[in-house]
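Protein chains in written order, with the numbering used here: chain A, 13 to 196; chain B, 263 to 1038.
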């Protein structure tokens, strides 16, 4: 009897466990915070250099609208990424093709899995308090630029890690994150 | 001509036609070598074979490719559906390729293949920055770029982002990517872009049909989607559809009209067949000879030439009317002089045009002249031997019709002269002309609107205005292009609203590339050290970066054109000019201009072209307009000359009665022109071609009217000939194709005038000295 109960409860729980935390849930969880601010540390490791390019600053994220990247060191610069454009505070011309990188960056920060799924295989691991999403490009052309991307976090995205086939690595750590009260 | 020799000649003519058919079949074994391009009709511009080559090269993209812009609520799904449907056409070998996915146009990263040349390519802004203070001011932006989250920094190969700056300075395609689709952002919407390359000619009917069906199906399934089409294939398909539609309405109506009239008058279906035989024989003769003579045929030649052969219907009708009414009393000999004179005068009118320098007119004239000769021979040699069902009704009808149409008074030559003077005065005062390109453009307004929208959305030029630039060698050419670019830049800074594409923007001269490398060496001095230090990178990075400068090849034009970016500019490069201008060995390229199109801009552009030797400003639209105008003036001149020669021939034969022959053709011509002048219809090449037809039929009517003044059969034949021609050509006035409309309108007014004029100038009695048959 107890065995049967156990089996029954296992059978009951198995599908539930698989449904426990999926990409839709994660999307809803992230979308619960429409706007937030925080600090970032971006570290870029280049394969043919021993050292890395490290920058720090503040960011402000407005879901569906824009992300503002306020570099504080080693240079000061305000970079605003929207789905349409990259706007630099200094008025520098953005490099060609930058819009696509900006779009990817926005989709990652928003957890817009639906858009990302068209170009990446997605794999979710963990639960709502500590999750991790691994992204692998589907198309060979994109695979030449990106080997894989990993996002992890809890209530917010805490960490982004991107590897390229050439051995370069971009790590962005987001911390001190707070929801913006006045945002729409 | 006795019966036996006529029989022998008839067989000989049959033999010739059979030979023609075989010859034609042999020439057509690979299909009809037909030109559809309008410029093939115009004189080979002997001064400017290079311009023609440039025109062709700049227009090619429009001919072999098409472009669709799509906007829909569910854009991704709609685009996917359309893209997949078009890919099916690729599998069916209708299209060579379709690009619509984001990655379809993603060539390898420019950083991969432009990298080695970057140290010799600087934008003017960077040149100035380095010349000013060695480039210290470039450190700050370089740092910002190195740490941007969207950058892909490479501190060894390119710490300052030389290549990014240079690529940003290059003209880029407005086509980007969004949602995994090729996308243009315009008017606040995302438009999907689908680019197709045709596997065959844009005039290929099965291809047109397959593409049309695919798009129709898509639009039915997605009624909310907005689809903008651009490409020659859509215009060609619309033209073909319109032609088919008009063939089934206008064409069917005129055919029915002709059948009814001929059937009513002759009461025999055989006459109808006999009407067709000379036209078919004439067309066969003309097609074989013209093709043999010119090697190629223009489709317009075929269309207009075939309608000019329509004059031959006169010969059939005069012969048959005479036969039906005179029955056994019919003698070919009696009709032969008039038939011959009619043929000679028409052929003179066309032969005159064969002497013009216009290849299009020469072809058309040759085709019409051969056709008339062929039809005439058929009428004279074969028709009298074909059996004819002579209904007594025809003779009665002719008699009644003749009485009915007796005018109350007759035209006096002085009155005719005064009327002619008045009409000429009206024409001289009011007649305008129009040589615009729109005349040749049968595309529906909706398609033209689509074309404009596509150009607006994509900021795409059609290569209609350009500078043609020549020089002795590539380096001199690049230098010259660079000087014109600089002049254009100054004009644009001064408010001229244009944009341009030039090879010199991408490939600087060797000297400038060397100077650029020297500048980069300066930049890699202390500014580089500052940059490396502030970025927190080890000092060895600077040495590694400097080492790259020792392997910095020059970018040649050939290198550039082989890159994916340069490939897009291939159309600007004309290469060696030796083949086009034996005395001017050298190279040539174009600078394509787009933007505002007004007199001030044109004047400014001309001035820029004049400021530099061996540079020519070409405006394709106005150039084709000019050529059309030239074609029209040439035709007009030769028509007038032909009229003079015809008048002389007629005066020689008819003496004081000549004016009676002249009035129907010339009077009708003047009435058409005066009506055009009064109603404001401009004169163009197509209504002039219509006038030729009016002249030919009018002349035949004039000749028979005078030769057989007392015969009801002649008047019946004239009536039938003008009526059938009215139905065949005058109905074209209702065509939506401008060219056919003008031809038809001219025929409608002209032929009606011919018919109206004939009775007024009929001689009151039999001509003096001519033996008339008492039999009526």
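Each residue gets a CB set at the ideal place from its N, CA and C atoms; glycine is no exception.
Cα-Cα separation, residue i to residue j
i	j	result
residue 35 of chain A	residue 721 of chain B	41 Å
residue 337 of chain B	residue 112 of chain A	18 Å
residue 427 of chain B	residue 385 of chain B	7 Å
residue 789 of chain B	residue 375 of chain B	26 Å
residue 1037 of chain B	residue 973 of chain B	Any reading at residue 1037 of chain B must be qualified, since the residue scores a pLDDT of 39, below 50, and its modelled position is unreliable; the value itself is stated next. C-alpha separation (whole angstroms): 9 Å.
residue 88 of chain A	residue 82 of chain A	7 Å
residue 918 of chain B	residue 686 of chain B	23 Å
residue 28 of chain A	residue 347 of chain B	Low local confidence applies: a pLDDT of 46 at residue 28 of chain A is under 50, so the model's placement there is unreliable, and no value is given.
residue 894 of chain B	residue 679 of chain B	27 Å
residue 39 of chain A	residue 184 of chain A	20 Å
residue 98 of chain A	residue 693 of chain B	60 Å
residue 1055 of chain B	residue 1015 of chain B	Since the first residue of chain B shown is 263 and the last is 1038, residue 1055 of chain B is not available in this structure.
residue 763 of chain B	residue 434 of chain B	10 Å
residue 407 of chain B	residue 424 of chain B	11 Å
residue 673 of chain B	residue 287 of chain B	52 Å
residue 598 of chain B	residue 684 of chain B	37 Å
residue 751 of chain B	residue 436 of chain B	21 Å
residue 155 of chain A	residue 148 of chain A	8 Å
residue 607 of chain B	residue 996 of chain B	30 Å
Short CB-CB distance (under 9 Å) between residue i and chain B
i	result
residue 98 of chain A	yes
residue 190 of chain A	no
residue 86 of chain A	yes
residue 81 of chain A	yes
residue 113 of chain A	yes
residue 66 of chain A	yes
residue 54 of chain A	yes
residue 91 of chain A	yes
residue 60 of chain A	yes
residue 51 of chain A	no
residue 254 of chain A	This structure cannot settle anything about residue 254 of chain A, because the visible part of chain A is limited to 13 through 196.
is_contact[residue i, chain A] using C-beta, thresh 9 Å
i	result
residue 498 of chain B	no
residue 409 of chain B	yes
residue 221 of chain B	Shown here, chain B extends from 263 to 1038; a query on residue 221 of chain B therefore has no answer.
residue 824 of chain B	no
residue 803 of chain B	yes
residue 417 of chain B	yes
residue 734 of chain B	no
residue 361 of chain B	no
Test item: CB-CB of residue i and residue j under 9 Å
i	j	result
residue 459 of chain B	residue 326 of chain B	yes
residue 956 of chain B	residue 930 of chain B	yes
residue 345 of chain B	residue 276 of chain B	no
residue 349 of chain B	residue 443 of chain B	no
residue 1081 of chain B	residue 269 of chain B	This structure gives no information on residue 1081 of chain B, because the portion of chain B shown stretches from 263 to 1038.
residue 476 of chain B	residue 564 of chain B	no
residue 819 of chain B	residue 779 of chain B	no
residue 793 of chain B	residue 765 of chain B	no
residue 873 of chain B	residue 681 of chain B	no
residue 58 of chain A	residue 67 of chain A	no
residue 968 of chain B	residue 1004 of chain B	no
residue 404 of chain B	residue 377 of chain B	no
residue 976 of chain B	residue 580 of chain B	yes
residue 1013 of chain B	residue 984 of chain B	yes
Integer-rounded CB distance, given that residue j should sit under 8 Å from residue i
i	j	result
residue 575 of chain B	residue 541 of chain B	7 Å
residue 912 of chain B	residue 923 of chain B	5 Å
Extent of the continuous beta strand (DSSP E) run through residue i
i	result
residue 359 of chain B	357–361
residue 459 of chain B	451–460
residue 1023 of chain B	Per DSSP, residue 1023 of chain B belongs to no beta strand (DSSP E) and is neither H nor E.
residue 172 of chain A	169–175
residue 160 of chain A	160–165
Start and end residues, alpha helix (DSSP H) containing residue i
i	result
residue 1044 of chain B	Since the displayed chain B opens at 263 and closes at 1038, residue 1044 of chain B lies outside it and no answer follows.
residue 857 of chain B	It is not in any alpha helix (DSSP H) - residue 857 of chain B instead sits in the beta strand (DSSP E) that spans 849–857.
residue 901 of chain B	882–916
residue 447 of chain B	From DSSP, residue 447 of chain B is part of no alpha helix (DSSP H) but of the beta strand (DSSP E) over 443–448.
residue 768 of chain B	Looking at the DSSP string, residue 768 of chain B is not in any alpha helix (DSSP H), and its letter there is neither H nor E.
residue 579 of chain B	575–588
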